[in-house]
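Scroll down for the structure; my scribbles are underneath it.
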Amino acid sequence: MFTCDKWIASSHSKSSIGKEITEIVLEDKEFWAQCQFIVKVSEPLVHVLRLIDGDEKPAMGYLYDAMERAKENIKARCNNKVSLFNPFTRIIDSRWDRQLHSPLHTGGCFLNPGIYYSPNFKNKNDFIRGFNSCVMKMELDPDNQDKIIAELDLYKNVVDEFGHSLAIRQGDKINPVAWWTQFGCEVPTLQRFAV
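In this text, residue positions in the sequence shown follow the working numbering: the first is -10, and each later residue adds one.
Quick look at the structure:
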């Protein structure tokens, strides 16, 4: 762009700022190294944006996990050097806490069998708290709240329909709504809530 005839002929190329920008882009090797680093660090966030913007599957049950994976990916891309990744993860956490984090995301993640049954799934207590909050806010009938919590044990302990090898294999192959529709028949109140 800075070597094309249009730029050279433009008034911007002759201004002091234009000359400074041209020099940075064409001659400053540190500028390009920093650009490459920014692209490397931003790529995991672009994957999260593609997830939320895509039509393949509902993002609600995946968003929390996707953000956690993005932060881990950023740390790895920075060779786990706190001085490199901390400015980025601090901004992500700040935005997440102020604008995106909600019991709905943790509850949705908790009800996503592909994530919940994964051996890498951590901090289950945070997700249980989010789920409980969702139950209290979204299901106003105390009897149904009690049924949901009672039925939850089958899901958490991977028993009955949830314990079949087919249900376990399908947990991360089909979207959570389809999974709950297929395998949640023994827990109708929880199934209705999950779907």
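Glycine included, C-beta positions come from ideal geometry on N, C-alpha and C.
Remember, predicted model here, so these are calculated numbers, not experimental data.
Is residue i helix, strand or coil by DSSP?
i, result
"F172", "helix"
"K70", "coil"
"P108", "coil"
"F26", "helix"
"S122", "helix"
"E128", "coil"
"C(-7)", "coil"
"V35", "helix"
"S4", "coil"
"S83", "helix"
"G160", "coil"
"N146", "coil"
"S154", "helix"
"G43", "coil"
"N101", "coil"
"V184", "coil"
"D17", "coil"
Could you say which of the options lies nearest to residue i if we only look at CA atoms?
i, options, result
"F116", "K8, L129, Y53", "Y53"
"L34", "I104, F20, F26, K60", "K60"
"C123", "N146, Y144, G96", "G96"
"Y106", "K162, D42, C(-7), C24", "K162"
"I27", "T11, M56, F74", "F74"
"R181", "C67, L141, S31", "L141"
"N121", "K111, P108, D135", "D135"
"L186", "T78, T170, W169, N164", "The structure shown does not extend to residue 186, since the chain is modelled only from -10 to 184, so the question has no answer here."
"P131", "V147, R158, T178", "T178"
"A139", "P108, I104, Q159, V176", "V176"
"W85", "K70, E57, N68", "E57"
"V14", "L155, T(-8), S0", "T(-8)"
"V166", "L100, S(-1), R79", "L100"
Which term fits residue i, buried or exposed, when burial requires 16 or more other beta carbons within 10 angstroms of its beta carbon?
i, result
"P102", "buried"
"C174", "exposed"
"H94", "buried"
"K64", "buried"
"C98", "buried"
"V30", "buried"
"P76", "exposed"
"V148", "exposed"
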